[in-house]
Structures are given as structure tokens and as C-alpha cells.
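Peer 1:
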Amino acid sequence: MTANRKVTRTKDNPNQSKLFKIVFESAPNAMLLVNEHGEIEIVNTQAEQLFGYTRAELVGKSVEMLLPQRYGKGHPDFRNKFLSEPTTRAMGAGRELYARKKNNSEFPVEIGLNPVDTPNGIMVLAAIIDISERKRAAERFRLVVESAPNAMVLVNKEGIVTLVNSMTEKLFGYTRDEIVGMNVEQLLPARYRLDHAQFRNSFFGKPQNREMGAGRDLFARRKDGSEFPVEIGLNPIEALEGSLVLASIIDITERKLLEANRLKSDFLANMSHELRTPLNAILGFSELLADRRVGPLNERQLEYLNDIHSGGTHLLQLINNILDLSKIEAGKTELSTEKFDLAEVVEGVMSVLQPLASKGALKLTQQINGELPFARLDKSKFRQILFNLMSNAIKFNQVGGYVKVDLKMINEDQFCLTVEDSGKGIAKVDIKKLFIPFVQLDSGTNREHEGSGLGLALTKNLVELHHGSIEVKSELGKGSVFTVVMPLRIESEHLDQD
14 MTANRKVTRT KDNPNQSKLF KIVFESAPNA MLLVNEHGEI EIVNTQAEQL FGYTRAELVG
74 KSVEMLLPQR YGKGHPDFRN KFLSEPTTRA MGAGRELYAR KKNNSEFPVE IGLNPVDTPN
134 GIMVLAAIID ISERKRAAER FRLVVESAPN AMVLVNKEGI VTLVNSMTEK LFGYTRDEIV
194 GMNVEQLLPA RYRLDHAQFR NSFFGKPQNR EMGAGRDLFA RRKDGSEFPV EIGLNPIEAL
254 EGSLVLASII DITERKLLEA NRLKSDFLAN MSHELRTPLN AILGFSELLA DRRVGPLNER
314 QLEYLNDIHS GGTHLLQLIN NILDLSKIEA GKTELSTEKF DLAEVVEGVM SVLQPLASKG
374 ALKLTQQING ELPFARLDKS KFRQILFNLM SNAIKFNQVG GYVKVDLKMI NEDQFCLTVE
434 DSGKGIAKVD IKKLFIPFVQ LDSGTNREHE GSGLGLALTK NLVELHHGSI EVKSELGKGS
494 VFTVVMPLRI ESEHLDQD
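Heads up: the sequence shown begins at 14 in my numbering, then just goes up one per residue.
#1: Pick from Val365, Leu329 and Glu77: whose alpha carbon is nearest that of glycine 297?
#2: Near methionine 104, what residues of its chain come up, given a Cβ to Cβ distance below 6 Å and the 5 sequence neighbours on each side ignored?
#3: Glutamate 70 to valine 36, Cα distance in whole Å?
#4: Have a look at the DSSP bridge pairing and note the partners of arginine 113.
#5: Taking only heavy atoms of the ligand ADP into account, decide whether any of them is closer than 7 Å to the Cβ of isoleucine 124.
#6: In the DSSP assignment, find the unbroken beta strand (DSSP E) run with alanine 252 in it and report its ends.
#7: The beta strand (DSSP E) spanning glutamate 54 covers which residue range?
#8: Under 8 Å, do leucine 338 and proline 450 count as touching if we go by C-beta distance?
#9: So, with DSSP's three-state summary, where would you put leucine 478?
#10: Counting C-beta neighbours from all protein chains within 10 Å, is the total for aspartate 509 16 or more, i.e. buried, or is it exposed?
#11: Using 8 Å for Cβ pairs, my map puts arginine 235 next to glycine 186. What's the rounded Cβ distance?
#12: Measure the C-alpha to C-alpha separation of serine 321 and proline 368 and round it to an integer number of angstroms.
#13: Can you name, in chain order, every residue of its own chain whose Cβ lies under 8 Å from the Cβ of phenylalanine 514, other than the five neighbours on each side?
#14: Go through its chain and collect everything with a Cβ distance to phenylalanine 395's Cβ below 7 Å, but skip five positions before and after it.
#15: Do glutamate 54 and proline 81 have their CB atoms nearer than 8 Å?
#16: Hey, could you find the ends of the alpha helix (DSSP H) lysine 515 is sitting in?
#17: Please name the residue, chosen from Gly344, Arg229, Val432 and Ser39, that lies closest to isoleucine 381 on a Cα-to-Cα basis.
#18: Closer than 8 Å is the cut-off here; do at least three beta carbon pairs connect the segment 439 to 446 with the segment 299 to 319?
#19: Which same chain residues end up closer than 7 Å to aspartate 426 when comparing Cβ atoms and leaving out the 5 residues on each side of it in sequence?
#20: Hey, out of Met136, Thr101, Asp143 and Phe91, whose CA is closest to tyrosine 111's CA?
#21: If you reduce the DSSP assignment to three classes, tell me which class arginine 18 lands in.
#22: Is it buried or exposed, lysine 31, if we count other Cβ atoms within 10 angstroms and call 16 or more buried?
#23: On the criterion of 16 or more Cβ atoms from any shown chain inside 10 Å, does glutamate 342 qualify as buried, or is it exposed?
#24: Between the segment 245 to 252 and the segment 265 to 277, can you find at least three pairs of beta-carbon atoms closer than 8 Å?
#25: Using 10 angstroms around the beta-carbon of valine 122, count the other beta-carbons present and answer buried if the total reaches 16, otherwise exposed.
#26: Report the three-state DSSP secondary structure of phenylalanine 280 (helix, strand or coil).
#27: So which of Asp419, Glu351, Phe400 and Tyr415 has the shortest CA-CA distance to leucine 390?
#28: Return the chain-ordered list of same chain residues with a C-beta closer than 8 Å to the C-beta of leucine 467, the five sequence neighbours on each side being excluded.
#29: From leucine 79 to glutamine 221, what distance separates their C-alpha atoms?
#30: Going by CA-CA distance only, name the one from Leu257, Glu109, Thr290 and Asn410 that's closest to lysine 376.
#31: Beta-carbon separation of leucine 385 and leucine 420 under 8 Å?
#32: With DSSP as the reference, label asparagine 545 as helix, strand or coil.
#33: Alpha carbon to alpha carbon, what distance is there between glutamate 287 and serine 364?
#34: Sorted by chain position, which residues of the same chain lie with C-beta nearer than 8 Å to glutamate 61's C-beta, five sequence neighbours on each side aside?
#35: Could you say which of Val418, Leu478 and Ala470 lies nearest to serine 493 if we only look at CA atoms?
#36: Hey, quick one: how far does the alpha helix (DSSP H) through proline 89 stretch, first residue to last?
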């Protein structure tokens, strides 16, 4: 025998055969000793229990009786090849193997083969393990991973991906076949790869449940090369094939955007005093000068002061809109409700805007359908909603056109406010942009109308703050209709007295 065959000898010592039989019988797994012709020489009790045959039924029979028929034809060739180079090995490495019981039922197995040098020649000692439960456990694990709401990636110590779920395919843009077998570092931006390999080795040196990169911004890389922020949880798993780590990956792009918006809104909301104070001083002193309280003015000086006041007023309105919108987005706006007459507010806003409408020869009309009960809402914010809608309707109207306000009850708990104009209308493709902050439909350098693109965004937020809704119907050249539906009453933490 050559040195590398590692053949177990049972004939060098008379006691060795007896010892072999003792070890053979007491083995925890099913054991078969098969001769060069494929006949079973001896079996142990575990083999009888596993296959359902008695020892007498097995000894002297072909070992192929314990295999499914689909394996029977090729097995003699495999046996002859093994005997030509007898070395200890796993049978069918990398393939799924099945054995067959007396009742013809099949079950998955792992088989270890060992050549044994006996007085009757070289035989094969087969150790057979039923891995049915292991397969069931693996399938349960696979189903748990597959049903997880996050991307799940199972990685071995070498950094090779061994299992992923469908969420991983969706998140990274690879197919399952492309990812499995890939080095996990390929799912990371290039700048992280070297450090990640060192981190992986450190993790397997002391495996424990942990969050990856706690306190740092982490990014992953899709198949198309795009990067996205992630949160990764690591869980060590001990398996037969060795130590593994299961990584749970969450795309936090939306969370990061919300956080950035919140920080922006917090900043702007906190800047309220700093921005408004100097503007109030500019407006106050320009009014003081314009009233000639500090001395006489000529016409040019008065014109300049009016320009300062007009520009300051416009800027203050813009800042107020920005701050109001930011406060709402930051969740810092509270509704202060009070009991008031809806029709009275409509009349008041129309009275304020009448001079602006007169400049364009516009006709302002209102229609109150039926007797309206008193509302309990935030009166100042309802006035702001109506003011924004009506001022827009006036600003974007045509000379000699109209603005019509309609107010009516829908049911005992809700009312409907409609603002209709005869303006130039809005293209269908642009309607969905109307309520996006800072977006202006007329965005060229030579815009016909001034504006920040905040009025309607703020209006929508104020309506929704009251648990209401707003929609628009418009057609180019035919004007627009804005419809607001709101509850008649809402409660707040700070209620004014009736």
C-alpha cells in the first residue's frame, strides 16, 4: 500500500480484529463494511435501526439495495474508482446524497468512506449519518431569512456570501446567483473594503451580536455603482461548516433625508427672532422717517423710503412663510382654536384684498350657501389659508377677470371652501408640483410674477394641520379651482375661551 492511502489495517495484530468489531458496534452512526464486490460484510445496530432491516437481511446483500434506484447504476463505477485509490473521504462531496429504507422511503445522508485492509482484501467502511433534521433546520432558517423585512446576508469567515434573501436582491440590484459566492466586500464602496476585511477578521475573533460601525455613517454599494446609507446589525452563527455571520441591512436613505429636513426646519424655526428683529427695525424706522417725524423729506427721499418699506415688507412676508413652514415640518406648530364666524373671516380677507383686485379690474364675489354654524379652528391660520388662495388667484389672473369664493357645509362636521379664478390656468403636468416648497411653475429669469413658491406649500400644510385636505382642478386658459375640505371643529391643547 502507498503511504498516502491511509488504509486501516486489521490483520497485523490478532487482537485488532476484535477491537475493530467492538468499536464498529459501539459507533454512534450507522456503519457498514462493504467488500470489493459491493456486498455487505457486517453492519452495526445503528444501521439496522436506520434502514429498518435486520442484520441477517443486510449481510451478504449488495449495498445498492440501500440506495435510491437513480443512484444504483453509477454506484459500482464509483466503488471501483474508490478501491483503485482508497483514501478516507466524504462521499459525493458538494452533492446532496440520499439513502433508501426498507419501506422505500428516502432520506438525506452524509457518508464518510474509509478503506480497511482486511485478511480478505481491501474493504470500504461507510459511516452514514441521517441529516434529515439538519436539512429541516436549514430550511427553517432559510425561510426565516427569506421572510425577513430587511436585506439578510450570510457570510463565512473568508468573507464569501453563502445565503441571501429576496430583499437583498431588491436592495442591491444583483440576482441571488450573482451574490452567492461573491466576496461581501463587493457590496461596499471601494474606500471601505480594506478596513472591512480587517473588521471581519476581528469580528470572528470575538463574535457577538452588535451594530456595525456604531456612531459612524455607513454606506453600501449597488450593482450599478450607486451608494446609499445603511444600518447593519451583525449576528454570529455557529454551523457545521464553521463560524458564520448573518448581516441585517437596512437602507436608511429616507430616514437620513427626514433627519436632514428636520435639522433644517429646526434651524429655521430657531432663527425666527434673529431674522425678524432687524427687519422690524428697518420697517419701523422707515415708517418713522416716511411720517416726517424726524424732519421734512423731499419727493425723492420719500420714494426711496417707500421702496425700502415695500421691499422690507415683502422680505418679512417671505421670512414668515419660510419660518411658518419650517415650524410645521419640525412639529413645533400648535393650533390655538377659538370659536368664530367663517363668513366673517371671508368678508374680512376680501376687504383686505379688494385694493389689489381693483388694480387688475378683477371682480371679487362670495357665495355663502345656507346658514353656517360657528367653527372652532385656529382662526389666524384659517385666515392665512384663505388669504394665500385668494391672493394667488388675484396675482395669476387676467385683467377684467374674477375671483369667486364659495363656502358651504358638507355635513354637520365638515365644510368646503372653494376659491375659483379666471386666470391662465395650470398645465396638468405642473399640478403635482404646486404644493412642493420653493418650486415655481414660472421659473425663468424673466418671470411675470414675483413669488417664493412657498404660499401653496404652506397652505397645504396648514390645511393638513387641521386634519383637512386640499385639491386643485385646472386647465390652461380656463382658470383654476382650489377646494379645501376641513372639519368644523378641532380640539387643541390651548383652547381660547368663548
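Each residue gets a CB set at the ideal place from its N, CA and C atoms; glycine is no exception.
Peer 2: So, from the listed chains and residues:
#1: On the sequence shown, residue 297 is found 284 positions in, with the first residue counted as 1. Ranking Val365, Leu329 and Glu77 by Cα distance to glycine 297 puts Leu329 first.
#2: Your numbering for residue 104 matches position 91 in the sequence shown. Counting only Cβ-Cβ distances below 6 Å, and skipping sequence neighbours, we find Ile124 and Leu126.
#3: For the purposes of this step, residue 70 is taken as the residue at position 57 of the sequence shown. For the purposes of this step, residue 36 is taken as the residue at position 23 of the sequence shown. Those two C-alpha atoms are separated by around 22 Å.
#4: Against the sequence shown, residue 113 aligns to sequence position 100. Answer is Glu119, bridged to arginine 113.
#5: Among the components of this structure there are no ligands whatsoever, and the ligand ADP is therefore not found.
#6: For the purposes of this step, residue 252 is taken as residue 239 along the sequence shown, with counting starting at 1. Note, alanine 252: beta strand (DSSP E), 240 to 252.
#7: Taking the first residue of the sequence shown as 1, we reach residue 54 at position 41. Glutamate 54 -> beta strand (DSSP E) spans 53 to 56.
#8: Working through the sequence shown from its first residue, we reach residue 338 at position 325. Working through the sequence shown from its first residue, we reach residue 450 at position 437. Yes, Cβ-Cβ distance for leucine 338 and proline 450 is below 8 Å.
#9: Your numbering for residue 478 matches position 465 in the sequence shown. Three-state result, leucine 478: helix.
#10: Within the sequence shown, residue 509 is the residue found at index 496, counting from 1. Only weak support exists for where aspartate 509 lies, its pLDDT of 42 falling under 50; the coordinates are left without a value.
#11: Numbered from 1 along the sequence shown, position 222 holds the residue referred to as residue 235. Numbered from 1 along the sequence shown, position 173 holds the residue referred to as residue 186. Rounded, the Cβ-Cβ distance is 5 Å, consistent with contact.
#12: The residue given as residue 321 occupies position 308 in the sequence shown. The residue given as residue 368 occupies position 355 in the sequence shown. The amino acid at residue 321 is misidentified as serine; the sequence shows isoleucine. When rounded, the distance between both Cα atoms is 21 Å.
#13: Outside the shown range of the chain, which is 14 to 511, sits residue 514, and nothing can be said about it.
#14: As a position in the sequence shown, residue 395 is number 382, starting the count at 1. Here the set comprises Val358.
#15: One-based indexing of the sequence shown puts residue 54 at position 41. One-based indexing of the sequence shown puts residue 81 at position 68. Going by C-beta atoms, glutamate 54 is not nearer than 8 Å to proline 81.
#16: Residue 515 lies beyond the range of the chain shown here (14 to 511); nothing can be said about it.
#17: Position 368 of the sequence shown, counted from the start, is the residue given in the question as residue 381. Per the Cα distances, Val432.
#18: no
#19: Locating residue 426 in the sequence shown gives position 413, counting from the first residue. Cβ neighbours of aspartate 426 beyond the five flanking positions: Pro500 and Leu501.
#20: To locate residue 111, count along the sequence shown from 1; it is residue 98. Checked all of Met136, Thr101, Asp143 and Phe91; the closest Cα to tyrosine 111 is Asp143.
#21: Here the question's residue 18 lines up with position 5 in the sequence shown. Only weak support is given to the placement of arginine 18: the predicted model assigns it a pLDDT of 43, under 50, and the value that follows is read from those uncertain coordinates. DSSP places arginine 18 in helix when its eight states are reduced to three.
#22: Walking along the sequence shown from the start, residue 31 turns up at place 18. Per the 10 Å Cβ criterion, exposed.
#23: Numbered from its first residue, the sequence shown carries residue 342 at position 329. Buried: at least 16 other Cβ atoms inside 10 Å.
#24: no
#25: Position 109 of the sequence shown, counting from 1, holds the residue named residue 122. Classification of valine 122: buried, given that the 10 Å Cβ count is 16 or more.
#26: Within the sequence shown, residue 280 is the residue found at index 267, counting from 1. It is helical.
#27: Taking the sequence shown and counting its residues from 1, one reaches residue 390 at position 377. With distances taken between Cα atoms, leucine 390 lies closest to Glu351.
#28: In the sequence shown, counting from the first residue as 1, residue 467 sits at position 454. Leu331, Asn334, Ile335, Leu338, Pro450 and Phe451, listed in sequence order.
#29: Locating residue 79 in the sequence shown gives position 66, where the first residue counts as 1. Locating residue 221 in the sequence shown gives position 208, where the first residue counts as 1. So the alpha carbons of these two residues sit roughly 43 Å apart.
#30: Taking the sequence shown and counting its residues from 1, one reaches residue 376 at position 363. Among Leu257, Glu109, Thr290 and Asn410, the Cα nearest to that of lysine 376 belongs to Asn410.
#31: To locate residue 385, count along the sequence shown from 1; it is residue 372. To locate residue 420, count along the sequence shown from 1; it is residue 407. Yes, these two residues count as a Cβ contact at 8 Å.
#32: Nothing about residue 545 can be read from this structure; the chain reaches only from 14 to 511.
#33: The count along the sequence shown starts at 1 and reaches residue 364 at position 351. The count along the sequence shown starts at 1 and reaches residue 287 at position 274. Taking the straight line from one Cα to the other gives about 33 Å.
#34: Working through the sequence shown from its first residue, we reach residue 61 at position 48. Excluding positions up to five away in sequence, the list reads Thr67, Arg68 and Leu71.
#35: As a working note, residue 493 is residue 480 in the sequence shown. Closest option to serine 493, Cα to Cα, is Val418.
#36: Taking the first residue of the sequence shown as position 1, residue 89 is located at position 76. Per DSSP, proline 89 belongs to the alpha helix (DSSP H) from 88 to 97.
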